[in-house]
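Student:
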Amino acid sequence: MKIAVLGGTGLIGSQVVKILQTAGHEAVPLALSTGVDLLTGQGLSEALAGAEVVVNLTNSPTFDDASPAFFQTTMDNLLAAAASAGVGHAVVLSIVGVDQVPDLAYYRAKVLQEDILTAGPVPYSIVRATQFFEFVDAILSWTADDTTVRLPSTPVQPIAAADVAQAVADVSMGAPLQGIRNVAGPDVFALDELGRITLAARGDQRTVTTDDGAGMFAAAPGGVLIAPDDAVIAPTAYREWLGRQA
């Protein structure tokens with residue numbers, strides 16, 4: 156199949172493209188650098204010509220109140236172009252528990268993205284993943300100073316980006332789900348515990364202080380960022396992944 160991958164040069168997208176190409180598909184990475192602008196629609200119709208599947212891995216440049224407008228515009232442009240091109244399957248990457256954290260503007264924006272997709276004219280699949288291993292450093296930095304990292308005890312079940320890419324590729328190669336596939340890593344951690352494990356593995360001497368009001372994930376009620384019972388559990392464990400980064 157010809158599979159168009161928007162955001163195909165990013166962390167997840169570049170790996171999805173490689174997996175699909177290895178499986179024998181014509182996977183085409185699309186991004187600003189390839190002349191496709193999902194916000195304006197520039198280059199989109201030409202890029203989707205002949206595609207049987209489109210995968211949307213683009214993301215809002217901000218996590219604030221501007222993010223809903225990004226997803227509204229990009230999804231409207233994508234679905235109009237996909238329907239016109241006769242694309243038979245649209246795949247979007249979202250977040251486990253995204254519809255249960257209304258206090259976060261970015262999560263509300265991702266729910267909007269899902270809603271636009273499900274109400275649209277193209278058969279669809281949604282892959283919801285938990286937080287990526289690769290984003291843990293950024294999460295720690297939000298509430299850190301030179302000596303202390305403040306983190307809530309919110310339970311999380313992080314996943315390797317490579318495992319997310321495999322899940323997205325698997326869904327993209329299959330029939331439209333007309334629903335959601337949840338994917339998560341094998342281990343559940345309290346976020347403050349995850350911070351301590353990460354700092355210790357890197358020889359970072361800063362102290363993690365439990366602060367249930369600190370950072371974005373303080374707004375997540377207990378348990379909503381954990382994989383539901385029907386989730387696909389990925390193989391890569393966080394401690395194993397951390398060891399490979401050393």
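Going by our numbering, the sequence shown opens with residue 156, and the numbers climb by one from there. By construction, the Cβ of each residue, glycine as well, lies at the ideal position given by its N, Cα and C atoms. Quick caveat: nothing in here was measured; it's all calculated off a predicted structure.
In the structure shown, what three-state DSSP assignment does S249 receive?
Tutor: Of the three classes helix, strand and coil, the one that applies to S249 here is strand, per DSSP.
Student: Evaluate A240 with the Cβ neighbour count: other Cβ atoms within 10 Å of its Cβ, from every protein chain shown; 16 or more gives buried, anything less gives exposed.
Tutor: By the 10 Å Cβ count, A240 comes out buried.
Student: Threshold first: 3 residues or longer. Then list the beta strand (DSSP E) segments lying entirely within the segment 276–333, N to C.
Tutor: List check, beta strand (DSSP E) in window: 279–284, 303–306.
Student: Would you call the segment 159–175 and the segment 310–322 in contact, with 3 or more CB pairs under 8 Å?
Tutor: Yes, they touch.
Student: Based on the DSSP output, what are the partners of E181 in its beta bridges?
Tutor: Beta-bridge pairing links E181 to K157.
Student: Using 10 angstroms around the beta-carbon of G163, count the other beta-carbons present and answer buried if the total reaches 16, otherwise exposed.
Tutor: Looking at its Cβ environment, which holds 16 or more other Cβ atoms inside 10 Å, G163 is buried.
Student: Quick check on R336: does DSSP put it in helix, strand or coil?
Tutor: Looking at R336 - three-state DSSP - the assignment turns out to be strand.
Student: Based on Cα-Cα distance, which residue from Q312, P278, I281 lies nearest to F290?
Tutor: That would be Q312, whose Cα lies nearest to the Cα of F290.
Student: So, using beta-carbon positions, are V363 and V326 closer together than 8 Å?
Tutor: No, Cβ-Cβ distance for V363 and V326 is not below 8 Å.
Student: Is the Cβ-Cβ distance between L248 and A293 less than 8 Å?
Tutor: In this structure, A293 does not lie closer than 8 Å to L248 by Cβ.
Student: Tell me the DSSP bridge mates of Q255?
Tutor: According to DSSP, Q255 bridges with nothing at all.
Student: Can you tell me which residues form a DSSP beta bridge with I388?
Tutor: Note: I388 sits in a beta bridge opposite A339.
Student: Over what stretch of residues does the alpha helix (DSSP H) that includes T353 continue unbroken?
Tutor: Here the alpha helix (DSSP H) through T353 covers 346–356.
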